[in-house]
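The block underneath contains the structure these notes are about, expressed in structure tokens.
Right under this line is the structure:
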């Protein structure tokens, strides 16, 4: 298989660098990723041109389209919500992250304890699937930390450079690439280049000492090349005390249209962020210190902000080519992505009792040298990866439909280490096993996903799309010091693979009404931690069988989407907490199976030409098989309700609310005999928050400028204080740690185009 992967990668590179002919644009989204919103589209040339826009909502001359926070396109072949640029710009603060953008969508819950766009999100859930169990893509390219497939929401892209977000709540067809498609896909699309050149300067000022400055540039070079660039800087004290956040971001995108249907896109993005990170708070701490309890300013305590710092550095780069070879449409992207996370952290950042401070030093043989009572114990750590690969998509009209084929190839190389430290003196302490490191691990993950799919136009209304994708993930670990107990060297490799068939039937009943049914297999290779820790090597990969049915309706004044789903999940890998020499850490266990099922609905109604009412609701039930234990972080009900206004005189605004029903923090535990048991704990009650925005925009500014915008965004208008997520347990006491809803935040945004 390794030779096959190398040969396939070579063919992809040759195809990407050797294409010079031109014809039609490959029928994928404008950013180049395969969008589930187009998987049921017709094969005629007119439909190809129509589907060239990601998630286009085919409602002609409607008001709902421009006012809805999200809507499901008629072309969608699975439950889909498209969040358009208008909502991103008008209803969210300028420095929002993608978790802020998607939080109102059906079945989505987010936890942003430091405030909107501030710090990192501590939990995103879609139907109960957690970060790492669903895909995140940027312009059709999957990305994420290969070690556990997680994402740091604030480490990549801000509101400024995003043009659209699409949430596919399902596995998609065979052409839907990614490591965890069964949990859905959050598809981020970069902002389009503009044919109106100019420089737009912007700034933000708000609650908790938040400020931001930036500028973006739209420029045309000749009649073929357009450029969009953005540069921004932000700082905030954030809602939680002493969790300072600083961020700098640079982005540039160029699009060169060599002909009507051949284009070259080049994107490069760099982001760096520094923050002081917290781990949550116990209920007793919240009661004693209030909801803003985070870190402190006393260097004799483990809660000291100076001992709990982190930095994130990332880049995202790709070259994309769309053209044709004969009758074949070709879409290819070569990419390179980097990520690095450095941190200092005390042994327990929530421990505020100086009596627990003590540091023991060891020599190179593991012999105890001394113990310093009162010094603060902790560690310094770093983890990072760089990923490079290729996404190649081919399409050809064949018979009564379109044949699609493609491949995703990726190699991710990562390194991580942790060094125990005396943070009071900034000295390395050594370990009782004689190592300077708690762990020192290098890892590699190779991903190979070829697919074929045929979109068979059975009638003018009905499209049947059978397909199959092969998924192979090979993990390699080279650890001079592994995370096992006792630690020691580990050099091994594990390969996981599966053949994933799928079939979708899409029926365009009328010009305004469509429906679909879908069945698909899903697969997820275990995270690297499974082979890092002794005793977990035999855990099998997760596999799913997915069934979905739904319908969408769209008219000039009304859009509606309704779907139901059932997912049979085998070899579910759950996490439980175990005590180790470096503190309490999570370990993976095979929890057997689980069943996910639910119903989702989403609608927007245009009350007038300027005022729309939006609502969605979802019922999501996820339980382990043969038990009544609910999968953690799966609220049974979520709902959103909002009013959106867009006036003719440049005024706009929205009032949005999100309701999340009660959920459990964890679903497995360890009994006195050390056995894993199913049990729900750390209940998180239901909560609802309301956000609002109001602004004014004009295309004719003073002194010859090209317009300006002013707006105010209010997060959590009613200053509601509720728990929103579980943060694990406190090492010293075993008490549960929680995240809370950030209090009211008010942010003023101003921009002007020159």
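Residue numbers (my numbering): -14 to 739. Where a beta carbon is used, it is the ideal one built from N, C-alpha and C, also for glycine.
query: Under the three-state DSSP convention, the category residue 25 falls into; result: Because the pLDDT of residue 25 is 40, which lies under 50, any placement of that residue in the model is unreliable, and the number read from its coordinates should be weighed accordingly. Coil, per DSSP.
query: Distance CB(residue 486)-CB(residue 506) smaller than 8 angstroms; result: yes
query: Within 8 angstroms, strictly: CB atoms of residue 175 and residue 212; result: no
query: Identity of the residues DSSP links to residue 170 by a beta bridge; result: 120, 153
query: Selected residue, minimal CA-CA separation from residue 551, among 672, 535, 544, 539; result: 535
query: CB of residue 557 within 8 angstroms of CB of residue 583, strictly; result: no
query: Nearest residue (CA-CA) to residue 249, options 196, 370, 492, 308; result: 308
query: From 598, 282, 619, residue whose alpha carbon lies closest to that of residue 608; result: 619
query: Residues of its chain near residue 707, where Cβ-Cβ distance is below 6 angstroms and the 5 sequence neighbours each way are ignored; result: 672, 726
query: Proximity of residue 739 and residue 691 at Cβ, strictly below 8 angstroms; result: yes
query: Cβ-based neighbour list, residue 96, same chain, cut-off 7 angstroms, excluding 5 preceding and 5 following; result: 106, 107, 108, 709, 710, 724
query: Alpha-carbon spacing of residue 613 relative to residue 665, whole angstroms; result: 9 angstroms
query: Complete beta strand (DSSP E) runs within the segment 184 to 252 (minimum length 3 residues, chain order); result: 195 to 206, 210 to 221, 230 to 244
query: Contiguous beta strand (DSSP E) assignments of at least 3 residues, all confined to the segment 429 to 501; result: 447 to 466, 475 to 492
query: Reference residue 343, options 586, 436, 355, 320, closest by Cα; result: 355
query: Cβ-Cβ separation, residue 197 to residue 185 (assumed contact under 8 angstroms), whole Å; result: Contact doesn't hold; Cβ gap of about 14 angstroms is too wide.
query: Pair within 8 angstroms by beta-carbon distance, residue 104 and residue 260; result: yes
query: Separation of residue 333 from residue 716, as counted between CA atoms; result: 6 angstroms
query: DSSP beta-bridge partners of residue 601; result: 587, 625
query: Nearest candidate by alpha-carbon position, reference residue 669, set 281, 676, 689, 648; result: 648
query: Same chain, Cβ closer than 6 angstroms to residue 322, five either side skipped, listed in chain order; result: 128, 301, 372
query: Inter-stretch contact (C-beta, 8 angstroms, three-pair minimum) for the segment 398 to 406 and the segment 359 to 373; result: yes
query: Status (buried if at least 16 other CB within 10 Å, exposed otherwise) for residue 230; result: buried
query: Residue environment, residue 744, which counts as buried when at least 16 other CB atoms sit within 10 Å; result: Because the chain here runs from -14 to 739, residue 744 falls outside it and cannot be looked at.
query: Proximity of residue 361 and residue 287 at Cβ, strictly below 8 angstroms; result: yes
query: Exposure label - residue 394; buried when at least 16 CB within 10 Å; result: buried
query: Exposure label - residue 119; buried when at least 16 CB within 10 Å; result: buried
query: Secondary structure of residue 721, DSSP reduced to three states; result: strand
query: Sequence-distant residues of the same chain with beta carbon closer than 7 angstroms to residue 6, five excluded per side; result: Note on residue 6: pLDDT 35, under 50, position unreliable in the model; no value is reported.
query: Nearest to residue 72 (by Cα), restricted to the options 386, 56, 61, 376; result: 56
query: Closest Cα partner of residue 138 within the set 387, 81, 276; result: 81
query: Three-state secondary structure (DSSP) of residue 731; result: strand
query: Beta strand (DSSP E) segments (min. 3 residues) lying fully within the segment 357 to 406; result: 362 to 383
query: Beta-ladder partner(s) of residue 610, from DSSP; result: The partner list for residue 610 (beta bridge, DSSP) is empty, contrary to what the question assumes.
query: As assigned by DSSP and simplified to three states, the class of residue 78; result: coil
query: Cα-Cα separation between residue 37 and residue 253, rounded to whole angstroms; result: Low local confidence applies: a pLDDT of 33 at residue 37 is under 50, so the model's placement there is unreliable, with the coordinate-based value given in what follows. In a straight line, the C-alpha of residue 37 is about 22 angstroms away from that of residue 253.
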